[in-house]
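Participant: Please read through the structure below; I'll follow up with questions.
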Amino acid sequence: MKILFAASEGVPFSKTGGLADVVGALPGALAAKRHSVCLILPLYRETRERFPKIKFIGRTIYTQIDSRLWPVQIWRYDVRPNFRVFFADCPHFFDRPGVYGPHPGGNYDDNDVRFAFFSRAALDIARAVAFQPDIIHVHDWQTGLLPAYLYWIYKADPYFSKVRTVFTIHNMAYQGNFPTPVFHRLGLPREAYSPKGVEFYGKVSFMKAGLVFADALNTVSPSYAREISLDPKFGCGMEGILRERAIDFSGILNGLDVKFWDPKTDKNLKAHFDKDHLDNRALCKSDLQAVSHLPVTSAPLMAFIGRLDHQKGIDILIESIVPFLKEGAQFIGLGQGQYQYSKSLEELRHQFPSQIHVESKFSEPYAHKIYAGADIFLMPSRYEPCGLGQLIAMRYGAVPIVTPTGGLLDTVKNTFPDPHGTGFISEAITPEAFQQAIREALELFQNKKVWSSIQKRAMTQDFSWRVSIQDYLALYESLLS
Numbered sequence: 002m003k004i005l006f007a008a009s010e011g012v013p014f015s016k017t018g019g020l021a022d023v024v025g026a027l028p029g030a031l032a033a034k035r036h037s038v039c040l041i042l043p044l045y046r047e048t049r050e051r052f053p054k055i056k057f058i059g060r061t062i063y064t065q066i067d068s069r070l071w072p073v074q075i076w077r078y079d080v081r082p083n084f085r086v087f088f089a090d091c092p093h094f095f096d097r098p099g100v101y102g103p104h105p106g107g108n109y110d111d112n113d114v115r116f117a118f119f120s121r122a123a124l125d126i127a128r129a130v131a132f133q134p135d136i137i138h139v140h141d142w143q144t145g146l147l148p149a150y151l152y153w154i155y156k157a158d159p160y161f162s163k164v165r166t167v168f169t170i171h172n173m174a175y176q177g178n179f180p181t182p183v184f185h186r187l188g189l190p191r192e193a194y195s196p197k198g199v200e201f202y203g204k205v206s207f208m209k210a211g212l213v214f215a216d217a218l219n220t221v222s223p224s225y226a227r228e229i230s231l232d233p234k235f236g237c238g239m240e241g242i243l244r245e246r247a248i249d250f251s252g253i254l255n256g257l258d259v260k261f262w263d264p265k266t267d268k269n270l271k272a273h274f275d276k277d278h279l280d281n282r283a284l285c286k287s288d289l290q291a292v293s294h295l296p297v298t299s300a301p302l303m304a305f306i307g308r309l310d311h312q313k314g315i316d317i318l319i320e321s322i323v324p325f326l327k328e329g330a331q332f333i334g335l336g337q338g339q340y341q342y343s344k345s346l347e348e349l350r351h352q353f354p355s356q357i358h359v360e361s362k363f364s365e366p367y368a369h370k371i372y373a374g375a376d377i378f379l380m381p382s383r384y385e386p387c388g389l390g391q392l393i394a395m396r397y398g399a400v401p402i403v404t405p406t407g408g409l410l411d412t413v414k415n416t417f418p419d420p421h422g423t424g425f426i427s428e429a430i431t432p433e434a435f436q437q438a439i440r441e442a443l444e445l446f447q448n449k450k451v452w453s454s455i456q457k458r459a460m461t462q463d464f465s466w467r468v469s470i471q472d473y474l475a476l477y478e479s480l481l482s
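According to this note's numbering, the residues represented by the sequence shown are 2 to 482, in order.
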């Protein structure tokens, strides 16, 4: 099978969130199954600077957007013989700081045209490099227009006539909805702007384009699929479309790159360990405390890694942990985001200077140290399509405490009432319920035998791409049949 991926970001070349982790891992996992895979990404300034092995293939094509033709140089990075990564190099759109904006969480004013251009350029690149796919798999609003371009512009083109498309929703809250005038810059026919097309409450919606025109839809966990189909709070206005396309819509749980995330071999750790050598994990905790300028003690160490925003429940987290800080617990946070949350965490740090460390500048090695050294990993999300943090935490023996939503429900087994649990799930998405879950966890933390049994169960869970790959292959094959 020949599978083309198009996405706005992908590890290790570019990343702002979990989308990049999936795009970085899924194509390689499919290639390992001997399928022919091609991934197309924008060539951002930072990507070019960080990866000198990316080479210009000597080919320039022209892609039409905004009533003109733009030159696109094609660059390539070979991962293995059946897995190639191509990059769309158009300095006007991509030679600038950041992926979506000059600062984390910011947006460029022309992101609509930037990613409309990329969606169409991806198809032109596939033709130029002679990669004729059976499946085109696109991700989130940034490439949502690609299925629309196939339907309206390329449907009579024999090169793409047999192609089937899959559109994956990684976060329904980010929809790429833009003012109506942008429609005239996209190069789509007038009839595409309708309630059955890309029009969404008087705006142009790139997310809706993917939902309407892709052959199959999926999201990144079964529970999140149910939530965004049934509850307007999660569906953000798109739930009706998903119900109409229920037969074409599924939830496939994200996998984890278990070679990259492996405490037995992780080069960032003070000591290596597995479920049968948890004593070595104590060395990782001491190392984490030391590098975080916290006292090296046996006090329970809680941690958070993620964006500081409303979705991640940072206000819930802050309110929940205060009583336990007063009792001597420690807390480490790593993440960037909204100013009010970073300010609140900083104020909490001043209140408990010897118990809290907060780092706003993301560091991959430091993140690994947190997963390996923290006793408890906190995820008080208001919604969570899948979540990778809890998967990594469990693999590294950091017991997760999560809220009852999305992929968190699909991956964490609640220790109360299940004696074979792998973590703790609060009864509700409130500070009171989350605080109670922390209280229950800390009570068991005092019993080292019980706690280590929870850690061992968590570490034996299989969150590799092995299962998910089979689900994706079944989805692709059903479309081709």
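Positions of the beta carbon are idealized from the N, C-alpha and C atoms, including for glycine.
All values reported here derive from a predicted model rather than from experimental measurement.
Starting from residue 380, trace the beta strand (DSSP E) both ways and give me its first and last residue.
Facilitator: 377-380
Participant: Please classify residue 79 as buried or exposed, where buried requires at least 16 other C-beta atoms within 10 Å of its C-beta.
Facilitator: exposed
Participant: Apart from the five residues just before and just after residue 355, which ones in its own chain have a Cβ nearer than 8 angstroms to its Cβ?
Facilitator: 295, 296
Participant: Taking C-beta to C-beta, are residue 134 and residue 86 nearer than 8 angstroms?
Facilitator: Going by C-beta atoms, residue 134 is not nearer than 8 angstroms to residue 86.
Participant: Rounded to a whole number of angstroms, what is the C-alpha to C-alpha distance between residue 174 and residue 239?
Facilitator: 10 angstroms
Participant: Quick check: what's the CA-CA separation for residue 373 versus residue 325?
Facilitator: 21 angstroms
Participant: Quick check on the DSSP output: the beta strand (DSSP E) that includes residue 369 runs from which residue to which?
Facilitator: From DSSP, residue 369 is part of no beta strand (DSSP E) but of the alpha helix (DSSP H) over 365-374.
Participant: At 3 residues or longer, and completely inside the region 62-91: list those beta strand (DSSP E) runs for me, N to C.
Facilitator: 69-81, 84-90
Participant: Could you give the first and the last residue of the continuous beta strand (DSSP E) run that contains residue 358?
Facilitator: Counting along the chain, the beta strand (DSSP E) containing residue 358 begins and ends at 357-360.
Participant: Indicate whether residue 221 and residue 43 have their beta-carbon atoms separated by less than 8 angstroms.
Facilitator: The criterion of a C-beta distance shorter than 8 angstroms is not satisfied by residue 221 and residue 43.
Participant: Following the continuous alpha helix (DSSP H) through residue 412, name the residue where it begins and the one where it ends.
Facilitator: 407-412
Participant: With burial defined as no fewer than 16 other Cβ atoms inside 10 Å of the residue's Cβ, what is the status of residue 205: buried or exposed?
Facilitator: Flag for residue 205 reads buried.
Participant: Would you mind working out which of 237, 153, 179 sits nearest residue 162, comparing C-alpha positions?
Facilitator: 153
Participant: Using 8 angstroms as the threshold, is the C-beta distance between residue 300 and residue 329 below it?
Facilitator: yes
Participant: Give me the Cα-Cα distance between residue 125 and residue 214, rounded to the nearest whole angstrom.
Facilitator: Computed Cα separation, rounded: 19 angstroms.
Participant: Round the Cβ separation of residue 48 and residue 6 to the nearest angstrom and send it over; I've been treating them as touching at under 8 angstroms.
Facilitator: Going by Cβ atoms, the distance from residue 48 to residue 6 rounds to 16 angstroms, so no, they are not a contact pair.
Participant: Which residues does DSSP pair with residue 304 in a beta bridge?
Facilitator: 333, 378
Participant: In its own chain, which residues sit with a C-beta less than 7 angstroms from the C-beta of residue 371, not counting the 5 before and 5 after it?
Facilitator: The residues 289, 304, 306, 333, 335, in chain order, have a CB closer than 7 angstroms to that of residue 371 in the same chain once the five nearest residues on each side in sequence are set aside.
Participant: Between which residues of its own chain and residue 310 is the CB-CB distance below 6 angstroms, once the five residues before and five after are set aside?
Facilitator: Excluding sequence neighbours, residue 310 sits near 338, 339.
Participant: Identify whether residue 221 lies in helix, strand or coil by the three-state DSSP scheme.
Facilitator: Correct three-state label for residue 221: coil.
Participant: What is the DSSP secondary structure of residue 387, counted as helix, strand or coil?
Facilitator: coil
Participant: Once DSSP output is grouped into helix, strand and coil, what is the label at residue 257?
Facilitator: strand
Participant: Could you compute how far the alpha carbon of residue 50 sits from the alpha carbon of residue 349?
Facilitator: So the two alpha carbons sit approximately 38 angstroms from each other.
Participant: Could you tell me whether the region 168-187 touches the region 218-234, where touching means 3 or more Cβ pairs closer than 8 angstroms?
Facilitator: Touching, yes.
Participant: Report the option in 475, 393, 432, 388 whose CA atom is closest to the CA atom of residue 411.
Facilitator: 388
Participant: Are the CB atoms of residue 38 and residue 32 nearer to each other than 8 angstroms?
Facilitator: yes
Participant: Taking the alpha-carbon of residue 69 as reference, which of 360, 439, 187 has the nearest alpha-carbon?
Facilitator: 187
Participant: Helix, strand or coil for residue 320, going by three-state DSSP, please let me know.
Facilitator: helix
Participant: Quick one: Cα of residue 103 to Cα of residue 12, how far?
Facilitator: 19 angstroms
Participant: Check this for me: beta carbons of residue 408 and residue 254, under 8 angstroms apart or not?
Facilitator: Contact: yes.
Participant: By DSSP, does residue 200 sit in helix, in strand, or in coil?
Facilitator: strand
Participant: Would you mind listing the alpha helix (DSSP H) stretches within the region 4-50 that are 4+ residues and don't spill past its ends, in chain order?
Facilitator: Unbroken alpha helix (DSSP H) runs of no fewer than 4 residues, entirely contained in the region 4-50, are found at 19-33, following chain order.
Participant: Taking the CB atoms as reference points, tell me whether residue 267 and residue 369 lie closer together than 8 angstroms.
Facilitator: yes
Participant: Report yes if the CB atom of residue 361 is closer than 8 angstroms to the CB atom of residue 343, and no otherwise.
Facilitator: yes
Participant: Please name the residue or residues paired with residue 400 in a DSSP beta bridge.
Facilitator: 377
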